């Protein structure tokens, strides 16, 4: 009963130009997603350096509610959906 009513929150400081931060869980939250700014960064693609848009996303979880492996799977799925938005349609 102590964990009923848990929520998942999103904190977006990226709109203020913050590239990365750690969001703090406030009861009764089970987890909070911290979204940073989109920035152009050099990355290696196919052996060549090119500029791509990058965004940092971190998640803080209450491990009494969410197992770390489940949280990692959520972040992996979120990444795939952001990188391939057509996945949301099919």
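Numbering (UniProt numbering), first residue to last: 1 to 90.
C-beta: ideal position from N, C-alpha, C; glycine also.
Everything numeric in this text was worked out from a predicted model, so none of it was measured.
Asked	Found
Straight-line Cα distance separating residue 50 from residue 71	31 Å
Residue 48 to residue 40 span [Cα, whole Å]	16 Å
Closer than 8 Å to chain B by CB, residue 77	The displayed structure is made up of one protein chain only, and chain B is not part of it.
Beta-carbon proximity list for residue 38, same chain, < 6 Å, skipping 5 on both sides	53 and 55
Supposed close pair residue 16, residue 34 - CB separation, criterion 8 Å	So it is not a contact: roughly 12 Å between Cβ atoms.
Residues near residue 7 by beta carbon distance below 7 Å, same chain, minus five either side	28, 29 and 30
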